Structure formats: C-alpha cells, structure tokens
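In terms of the UniProt record's numbering, the sequence shown opens at residue 1 and continues consecutively. Notes follow the structure.
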Amino acid sequence: MSKYDVYLYGMTLVSTMNLLAEEYPEADTYGEIKESYLLPGGETGSCAEVLSALGCTVKIDGNFQGAKTMEVLSKYLVDKYGIDMSSVYIDPTFDGVQDMILIGTNTRTCFGRFVAFYDDAVKRWKAPEKEDIADAKVVGLDPFFMEQTDLVAQYCHELGKKYVTIDCKPESLINKYCEVNVISNEFIRNNYPDMNVEELFKIYTDNTEGLIIFTFGAREIMFGRKNQDIHRFKPYKVKVQSTLGAGDTFKAGAVYGVLKEMPDEDIVKFAAATAGAVCSRFPLALNPPDLEMIEKLINS
C-alpha cells in the first residue's frame, strides 16, 4: 500500500527572488526592485509546493542541503506544506544550493553557481532509495543527477511506477521509461537549434511508449505518443505577473494528471492551466494555485 501520493527526485534550492518594477534593465543602467523574497525553489521544490497545495502527500529527495538552505526549506516545505524531507541528506560542510533571480515584465534571469556545483569533484546529491519509490503512487523525476537519475527511472520501471520527467534527450533511459516527458522550448533551442521540430518530436516518440509534450511558452503546445499524429493545444491566456516556475508547475500539473489517471489531452490541459495559474500569481511559495482556480481556468 502506498504511503504517499508522489515521490519527487531532483533539485530543491533556496532562491532570492527580486520582482522588478519594469523590464530587465540594460547594462550600466538602473532597475527598480518592486518586491523581494527568500523562498524555496528549484524544479523539485516548486513542483512539491504545487502538488501539496492540490492536496497530494509528497516526499522529496535529491541534492544535499546545507546550513544556508535548511532553515528556509523547513519553514516552508515541511512546516507550511507538510512535505516529507526525511530522506534528504544535510551536508555539514555545504551551504546548500542557492540562486538569485531578477524577474522583469516578460523575462526572468537567474544567477547562480550551478556550473561550479556540477563541476565539483564532490557530487552533492544522493542516490535514490528504492523503498521511497515503492511507497509512492507516482513519481516526478528531474534529469540533473546523472547515474542517480537513471537509477530512479530503472527503479520505477522495475516497480511499475509511472513517472513524469522533463528536458532530457530522446535516447536517454529516462525518456525511454517515462509516462510523460515535458520538453521546453529552452531545451529544444539550446540542444537542437537547427532541427525541424516535428522531426525532433517523432524522434522522441519513437524512443518511448510515454506521452511527449513540447512547450513553447504562450505558443501552441505539441503532444502525442508513438505512431500517433501530433496534437496541438493553445495555452490559456492569463495576466502574467511572473513566468518564474511556469515549467516546474507544468510538470506538477502533469504529475497530478498521471496520479488521477487522466487521458492525455486532459493531462495537457491540466498542466497548462496549472502553469497559467502560477504565472498570474507571485511568489509561488506564498500563493500556489488551488484546484478550484485551475479548473476555473480550464473551463474559461
């Protein structure tokens, strides 16, 4: 019997979020900061907040935490949202992963030390615990932790657990075994800048039995499976406060859709509405969307 609804493996960090009064400024000019927050972030941290707000029980694991992150994460993820962090390793020699984000009217710019984090000889993330995966109904998987990421996918395959992942290459193990793989425009642009997007979509679907979703911000979403025509869906229109966390919360919506055994089109609709609802609110950790808000957007 499952002990919780969702197990998430991936990046959880602490973000200093600065919402600018206007657009991101040019170099050597001035930009006014409208609001500032120190809150949980990262693909897994943000996803966990949304799923918890939707009524799911959630357990997370992944990167190590440290002296400068655990207080904030405990205050919000554990105390506010009831997220289980008992498997997360706290490294006494490590500050934890942090970033700073400047959010303009239509942009968000992240500053961090991620290159140094991954280049370090000491790899500060945990191997997943198979029992944690066995105890979940569904899984959300970030693609960032190399062999340990693949191990989550392998465990899910062995245990018959469906998982949602993001931004991985078509030939990867995590694409092969996924139930849903959400590929962002940013990932496509950075990795396949000269490739026809429909040809790329077919390569993804040919390498998995799962649902493939390509997102392009406010432009049409592409989705489908192996040997199917490509389906398209126009994202919902909202008044945008911040696009920060839109991709992370699209993943959360997809995880929720898989948990509730929704058909493919409904998964896409729910994920798009979840991301849209988040874009209309800031910051996510203090103002997550609830089920009523998401369903209202779907029915609008």
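C-beta atoms are modelled at their ideal positions from N, C-alpha and C, and glycine is treated no differently. These numbers were taken from a predicted model, which means no experiment stands behind them.
Continuous beta strand (DSSP E) stretch holding residue i: start and end
i: M195; result: No beta strand (DSSP E) contains M195, which DSSP labels as neither H nor E.
i: T149; result: From DSSP, T149 is part of no beta strand (DSSP E) but of the alpha helix (DSSP H) over 146-159.
i: V258; result: From DSSP, V258 is part of no beta strand (DSSP E) but of the alpha helix (DSSP H) over 246-259.
i: L20; result: 13-20
i: M222; result: 219-224
i: L77; result: Counting along the chain, L77 falls outside any beta strand (DSSP E), and DSSP gives it neither H nor E.
i: V85; result: Sequence check: residue 85 is Met here, not Val. Unbroken run through M85: none, as it is neither H nor E.
i: L8; result: 4-10
i: R232; result: 231-233
i: T105; result: T105 -> no beta strand (DSSP E), and no H or E assigned at all.
Close beta carbons around residue i, own chain, < 6 Å, minus the five adjacent residues each side
i: Y9; result: D61, G62, P128, L141, V152
i: N189; result: Correcting the residue identity first, residue 189 is Arg in this sequence and not Asn. Closer than 6 Å at the Cβ level, and outside the excluded window around R189, lies no residue.
i: A298; result: The sequence given here places Ile at residue 298; Ala does not occur at that position. Once the five neighbours on either side are set aside, the close Cβ partners of I298 are K269, A273.
i: A285; result: L39, P40, E49, Y76
i: M100; result: T16, F111
i: T107; result: Y24
Span of the alpha helix (DSSP H), counted from its first residue to its last, around residue i
i: G45; result: 43-53
i: G140; result: Not the alpha helix (DSSP H): G140 falls in the beta strand (DSSP E), residues 136-141.
i: V264; result: A quick correction: the sequence has Asp, not Val, at residue 264. Here the alpha helix (DSSP H) through D264 covers 264-279.
i: N175; result: 173-177
i: V180; result: Note, V180: premise wrong, no alpha helix (DSSP H); beta strand (DSSP E) at 180-184.
i: V115; result: 114-119
i: V72; result: 70-73
i: L211; result: Careful: L211 lies outside any alpha helix (DSSP H), inside the beta strand (DSSP E) at 211-216.
i: L291; result: 291-298
Residues near residue i in its chain [Cβ-Cβ closer than 7 Å; skip 5 each side]
i: K234; result: E220
i: E131; result: none
i: Y4; result: T57, V58, K59, D84, D135, A136
i: S46; result: G245, D248, T249, L284
i: S2; result: D135, A136, K137
i: D167; result: P143, I183, S184, F187
i: A275; result: A246, T249, F250, G253
i: K34; result: L19, L20, A21
Nearest-angstrom Cα separation, counted from residue j out to residue i
i: E147; j: S172; result: 11 Å
i: A43; j: N287; result: Note that residue 43 corresponds to Glu in the displayed sequence, not to Ala. Each residue's Cα considered, the two are about 17 Å apart.
i: I213; j: Y7; result: 21 Å
i: W125; j: L102; result: 27 Å
i: N191; j: Y256; result: 28 Å
i: M195; j: V78; result: 43 Å
i: S242; j: L19; result: 8 Å
i: V238; j: P92; result: 43 Å
i: Q154; j: Y177; result: 8 Å
i: T208; j: E292; result: 33 Å
i: A218; j: F145; result: 29 Å
i: T149; j: C156; result: 11 Å
i: D264; j: K296; result: 19 Å
i: L51; j: K161; result: 18 Å
i: L54; j: P193; result: 36 Å
i: V139; j: E199; result: 28 Å
i: I267; j: Y24; result: 33 Å
i: F216; j: M222; result: 9 Å
i: I294; j: R232; result: 20 Å
i: S87; j: I133; result: 12 Å
i: A116; j: V240; result: 33 Å
Whole-angstrom C-beta distance between residue j and residue i, which should lie under 8 Å
i: V180; j: L211; result: 5 Å
i: S36; j: M17; result: 7 Å
i: I174; j: P143; result: 6 Å
i: A277; j: P289; result: 4 Å
i: K251; j: V164; result: 6 Å
Sequence-distant residues of its chain with Cβ nearer than 8 Å to residue i (five each side left out)
i: V72; result: V14, L38, L39, P40
i: K169; result: N175, N191
i: E22; result: G31, E32, G104, T105
i: S300; result: Y236
i: I90; result: F64, Q65, G66, M70
i: S74; result: M85
CB contact check: residue i to chain B, cutoff 8 Å
i: I183; result: No chain B appears in this structure, which consists of one protein chain only.
Inter-stretch contact at 8 Å, needing at least 3 Cβ pairs: the segment 201-212 / the segment 271-282:
Too few Cβ pairs lie closer than 8 Å, so no.
Is it true that the segment 114-124 meets the segment 24-38, where meeting means three or more beta-carbon pairs spaced less than 8 Å apart?
Judged by Cβ distances under 8 Å, the segment 114-124 makes no contact with the segment 24-38, as fewer than three pairs qualify.
Flag this pair as touching only if the segment 76-89 and the segment 106-115 have three or more C-beta atom pairs under 8 Å; answer yes or no.
Result no; under three Cβ-Cβ pairs closer than 8 Å.
Using a Cβ distance threshold of 8 Å, determine whether the segment 96-105 contacts the segment 62-72, with at least three qualifying pairs required.
Taking a contact to require three or more Cβ pairs closer than 8 Å, the segment 96-105 and the segment 62-72 qualify as touching.
Do three or more CB pairs link the segment 253-262 to the segment 220-229 at distances below 8 Å?
With the cut-off at 8 Å, the segment 253-262 and the segment 220-229 do not touch.
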